[in-house]
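What follows is a single structure, written as structure tokens, with notes after it.
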Amino acid sequence: MSNKRKLLIDTDAGVDDAQAILLALTNPDVEVIGITCVDGNTNTHQVGLNVLRILQVVNRLDIPVYIGCTEPLLGDKKPSNEYHGVDGFGDVPDENAPDSSHLQTEHGVSALVRLSKEHEGEITLVCIGPLTNIAMAVRMDSKFGSRIKHCYIMGGNHEGKGNMTASAEFNFYADPEAAYVVLNQLKSPITMVTWETCENHPLSWEFYRRARGPDTPINNLLREVEKHSAKFAEDNEWGSFVTADELVMSCFLNSDVIKNSCDVYATVDTKGQYTCGQMVVDWKSFMKQPNNVTIITDIHQSKYEELLLGLNC
Ligand SMILES: [Ca+2]
831 MSNKRKLLID TDAGVDDAQA ILLALTNPDV EVIGITCVDG NTNTHQVGLN
881 VLRILQVVNR LDIPVYIGCT EPLLGDKKPS NEYHGVDGFG DVPDENAPDS
931 SHLQTEHGVS ALVRLSKEHE GEITLVCIGP LTNIAMAVRM DSKFGSRIKH
981 CYIMGGNHEG KGNMTASAEF NFYADPEAAY VVLNQLKSPI TMVTWETCEN
1031 HPLSWEFYRR ARGPDTPINN LLREVEKHSA KFAEDNEWGS FVTADELVMS
1081 CFLNSDVIKN SCDVYATVDT KGQYTCGQMV VDWKSFMKQP NNVTIITDIH
1131 QSKYEELLLG LNC
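Once you know that position 70 of the sequence shown is 900 in the numbering used here, the rest is easy, because the numbers rise by one and skip nothing.
Shown next as structure tokens:
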């Protein structure tokens, strides 16, 4: 019997999703048992195709990829930003990419519920897109979360700083109601990397160039799909390269990356005129709710960078 940690990834791939997924696929202690796709950086079907491109690079097309929800819970699809390109992968299609016949026919949410039963108490869920599929799984089966060992989330903000609006981070902005359901009703342990933690730990351009230097199949894919976002960053005069999904995946893969965290009660504003999608942290326990999330507030930068450099070894 395998001692590997069982991992389910829920993604809206997404250039930073690509590197995050590759970190998991190349980790010898982790078994990725499935990947579910959600609408976010691009439409859900295209997310599935992007995931197949990632799997092909590491010869892991045997891992099942499921198409999940194609719209947020309320159906109010919001425009993505230009950072990831229209296809989520920097608009550099690969004519040798696997076609959609490699995608599973089972719906992503059904797959989440089924796999949670087949591997009860063993699965870690790493969520790197809007939380629509996870919220739907909670609604389909109220015991879903209690069968999950741990849930890691990239999303939300703990200081009210947004990257899509003045106050909302992209994944929570894209589906605030789903984020609300997951934080309040999933009932598994939840560890989060929020936008501020990402923004506070950027990679220098010098490090980025060094990481992408070696001529490997993984780097060849990442260099291609990151071209558009790197140019976006350059055009907008970003002094450094901010990563997000890679950071939460790294914290799951190696807890030594985590330097500081805090346990708190946090929820999501779904109605505010200016704050829809903002995570609300009850720092002073006004709401008298039990803690429901662990927020990673600081990381060991050198350990994180070591993990990223290891991706191409
Ligand atoms: Ca993502």
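Note that beta-carbon positions come from the ideal geometry of N, C-alpha and C, so glycine has one too. For clarity, every value in this text was computed on a predicted model and none was experimentally measured.
Buried/exposed call for residue i, threshold 16 Cβ in 10 Å
| i | result |
| --- | --- |
| residue 1021 | buried |
| residue 1009 | buried |
| residue 1006 | buried |
| residue 930 | exposed |
| residue 1108 | buried |
| residue 1119 | exposed |
| residue 935 | exposed |
| residue 1003 | buried |
| residue 1079 | buried |
| residue 946 | buried |
| residue 1093 | exposed |
| residue 970 | exposed |
| residue 1001 | buried |
| residue 948 | exposed |
Straight-line gap, residue i to residue j (C-alpha atoms, nearest Å)
| i | j | result |
| --- | --- | --- |
| residue 898 | residue 973 | 19 Å |
| residue 1099 | residue 870 | 19 Å |
| residue 1060 | residue 951 | 39 Å |
| residue 925 | residue 983 | 33 Å |
| residue 893 | residue 855 | 10 Å |
| residue 1017 | residue 1065 | 42 Å |
| residue 836 | residue 905 | 32 Å |
| residue 990 | residue 1110 | 8 Å |
| residue 1052 | residue 999 | 24 Å |
| residue 876 | residue 1116 | 43 Å |
| residue 987 | residue 910 | 18 Å |
| residue 944 | residue 978 | 12 Å |
| residue 858 | residue 868 | 26 Å |
| residue 914 | residue 887 | 20 Å |
| residue 1019 | residue 853 | 22 Å |
| residue 833 | residue 1102 | 46 Å |
| residue 1032 | residue 1073 | 6 Å |
| residue 942 | residue 1070 | 36 Å |
| residue 908 | residue 1105 | 15 Å |
| residue 1046 | residue 1140 | 12 Å |
| residue 874 | residue 1058 | 20 Å |
Residue i beta carbon near ligand 1 (any heavy atom closer than 7 Å)
| i | result |
| --- | --- |
| residue 924 | no |
| residue 841 | yes |
| residue 958 | yes |
| residue 846 | yes |
| residue 871 | yes |
| residue 1075 | yes |
DSSP state of residue i mapped onto helix, strand, coil
| i | result |
| --- | --- |
| residue 1041 | helix |
| residue 1090 | strand |
| residue 1096 | strand |
| residue 881 | helix |
| residue 864 | strand |
| residue 835 | strand |
| residue 1109 | strand |
| residue 978 | strand |
| residue 961 | coil |
| residue 919 | coil |
| residue 955 | strand |
| residue 935 | coil |
| residue 1077 | helix |
| residue 1134 | helix |
| residue 904 | coil |
| residue 1048 | helix |
| residue 1071 | strand |
| residue 896 | strand |
| residue 888 | coil |
### Query
Per the contact definition of three or more C-beta pairs closer than 8 Å, is the stretch 1124-1141 in contact with the stretch 1081-1099?
yes
Answer yes if the stretch 910-921 comes into contact with the stretch 1029-1041, meaning at least three C-beta pairs across the two stretches below 8 Å, and no otherwise. no
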